[in-house]
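Heads up: the sequence lines are chains A and B, in that order. Its first residue numbered 753, the first sequence is counted upward by one per residue in the working numbering. Its first residue numbered 753, the second sequence is counted upward by one per residue in the working numbering.
There are 2 protein chains.
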Amino acid sequence: MREIDEKEAERHKAKMAKRKAVQDAEVGGKTVEKGLLIVNTGPGKGKTTAAFGLALRMLGHGKRVGVVQFIKGAWHSGEKDAFAAFGDRVSWHTMGEGFTWETQDLQRDIAAAERAWEKAEVLMADPSISLVVLDELNIALRYDYLDLEKVVSSLQARRPDLHVVVTGRNAKPALVEAADLVTEMGQEKHHFSAGVKAQQGIEF
Amino acid sequence: MREIDEKEAERHKAKMAKRKAVQDAEVGGKTVEKGLLIVNTGPGKGKTTAAFGLALRMLGHGKRVGVVQFIKGAWHSGEKDAFAAFGDRVSWHTMGEGFTWETQDLQRDIAAAERAWEKAEVLMADPSISLVVLDELNIALRYDYLDLEKVVSSLQARRPDLHVVVTGRNAKPALVEAADLVTEMGQEKHHFSAGVKAQQGIEF
Numbered sequence: 753m754r755e756i757d758e759k760e761a762e763r764h765k766a767k768m769a770k771r772k773a774v775q776d777a778e779v780g781g782k783t784v785e786k787g788l789l790i791v792n793t794g795p796g797k798g799k800t801t802a803a804f805g806l807a808l809r810m811l812g813h814g815k816r817v818g819v820v821q822f823i824k825g826a827w828h829s830g831e832k833d834a835f836a837a838f839g840d841r842v843s844w845h846t847m848g849e850g851f852t853w854e855t856q857d858l859q860r861d862i863a864a865a866e867r868a869w870e871k872a873e874v875l876m877a878d879p880s881i882s883l884v885v886l887d888e889l890n891i892a893l894r895y896d897y898l899d900l901e902k903v904v905s906s907l908q909a910r911r912p913d914l915h916v917v918v919t920g921r922n923a924k925p926a927l928v929e930a931a932d933l934v935t936e937m938g939q940e941k942h943h944f945s946a947g948v949k950a951q952q953g954i955e956f
Numbered sequence: 753m754r755e756i757d758e759k760e761a762e763r764h765k766a767k768m769a770k771r772k773a774v775q776d777a778e779v780g781g782k783t784v785e786k787g788l789l790i791v792n793t794g795p796g797k798g799k800t801t802a803a804f805g806l807a808l809r810m811l812g813h814g815k816r817v818g819v820v821q822f823i824k825g826a827w828h829s830g831e832k833d834a835f836a837a838f839g840d841r842v843s844w845h846t847m848g849e850g851f852t853w854e855t856q857d858l859q860r861d862i863a864a865a866e867r868a869w870e871k872a873e874v875l876m877a878d879p880s881i882s883l884v885v886l887d888e889l890n891i892a893l894r895y896d897y898l899d900l901e902k903v904v905s906s907l908q909a910r911r912p913d914l915h916v917v918v919t920g921r922n923a924k925p926a927l928v929e930a931a932d933l934v935t936e937m938g939q940e941k942h943h944f945s946a947g948v949k950a951q952q953g954i955e956f
């Protein structure tokens, strides 16, 4: 174990006491409580997993969550099975038809996105739900499957205590503008470039 | 609903068929299976939540996961309660003493980090565990609570099928170098700047 002499310990203590004062003042200055519009975007991994991590945190507090998957189709995923442990406290809706290069059918993709958005509206209106995850909504907006203005104003008109997380690359500027919290997941390094394939528990 | 004419539908189909060919070739080229060293770093939100989302995904596949929290102390968190739903498939260890500005005691912080690292070694050696989350290990490394070289070589010497996720700001370059997957969570916009306080289910 690293050895600390008395001087270093004292210096550390003084520095941290100062930092605590700054921290306390900052925390004290924050008083607003509100349902947040959260956007996880960018090319890196973690957009959907972080949204599900947040849903898990909410479930840990005894709340209910809703999930709408806009793109992913009805394939088996670990997260869906895991959320089954929380019974009807998770309202899960996989509404996509699969990736656009799988369906190859624009009209069908648009119809699926419309149905998914209708489900999102229902979940957002349900007062028993504290957090709604709109997984890959950004993709549906990027390809103009849905009307951006309609979606953004509906998100802005959400219940004041409702948290919503939107995921997917290439978030539209109007959505970023409307959001309270935006994280851009940047890809620094990816194992796919080293020939590693999609693995159970990591990618699905 | 947006109307699509036949020409647009055809163009879309041709483009997506082409994209599918590229996609299939890419997927086919990836054959390696290995336990990944994953690093979630950067100033943005989502580092820890994405790690827990990954743990959840792994649990959904019936696997066991281990969690060591290097900095957070024994305060109540939603994620910990939520993981209780999975019984002994989650081995959870909150080993921190709280933020450095709370303890104000360098020797105590170092001792806590050492104990946490010992626990991490035990979990990584347990063949029943598929994924280990080392939450905020980057902070312990940044403040030199632990020997960087020792930690990195131990991570590199992990079982070939074990996935490890390390979280925290300011990941050390040697750790990034050793990692398979590195995501930098960038903060584009944060509600704390708008006076919103830490809320249940979002920050804890």
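Beta carbons are placed, not taken as given, at the ideal position from N, Cα and C, and that holds for glycine.
Query	Result
Beta-carbon gap between glutamate 936 of chain B and glycine 796 of chain A smaller than 8 Å	yes
CA-to-CA distance, glutamate 755 of chain B to alanine 946 of chain A, given in whole angstroms	42 Å
Strand pairing of glutamine 939 of chain B, partner residues [DSSP]	A:Thr935
Cβ pair valine 820 of chain A, leucine 886 of chain A closer than 8 Å	yes
Close beta carbons around glutamate 888 of chain A, own chain, < 8 Å, minus the five adjacent residues each side	Thr800, Gln821, Phe822, Ile823, Lys824, Gly848, Thr919 and Gly920
Per-residue contacts from lysine 782 of chain B into chain A (C-beta, under 7 Å)	Phe944, Gly947, Val948 and Lys949
Euclidean distance between Cα positions of lysine 902 of chain B and leucine 914 of chain A	45 Å
Per DSSP, the bridge partner or partners of isoleucine 790 of chain A	A:Val917 and A:Leu933
7 Å Cβ shell around alanine 864 of chain B - same chain, five flanking residues per side excluded	Met847, Gly848 and Glu849
Residues that DSSP places opposite histidine 845 of chain A in a beta bridge	A:Val820
Identity of the residues DSSP links to leucine 883 of chain B by a beta bridge	B:Val817 and B:His915
Chain A residues whose Cβ lies nearer than 7 Å to that of lysine 824 of chain B	Simply none; closest approach about 13 Å.
Unbroken alpha helix (DSSP H) run spanning phenylalanine 835 of chain A, endpoints	830-835
Contact with chain B by threonine 801 of chain A, beta-carbon distance below 8 Å	yes
Proximity winner among B:Ala872, B:Arg910 and B:Gly818, relative to glycine 787 of chain B (alpha-carbon distances)	B:Arg910
Within chain B, the residues that leucine 808 of chain A reaches when beta carbons sit closer than 9 Å	Thr801, Phe804, Gly805, Ala807, Leu808, Gly830, Glu831, Ala834 and Phe835
Under 8 Å between C-beta atoms of arginine 809 of chain B and glycine 953 of chain A	yes
Exposure label - methionine 876 of chain A; buried when at least 16 CB within 10 Å	buried
Through-space distance from serine 880 of chain A to lysine 767 of chain A, alpha-carbon basis	45 Å
Within 8 Å of chain B by C-beta, residues of the stretch 860-880 of chain A in sequence order	Ile862, Ala863 and Glu866
Residues in the stretch 908-937 of chain A having any Cβ partner in chain B nearer than 8 Å	His915, Val928, Ala931, Asp932, Leu933, Val934, Thr935, Glu936 and Met937
Counted within 10 angstroms of its Cβ, other Cβ atoms place serine 882 of chain B as buried (16 or more) or exposed	buried
C-alpha gap between valine 842 of chain B and glutamate 854 of chain B, whole angstroms	28 Å
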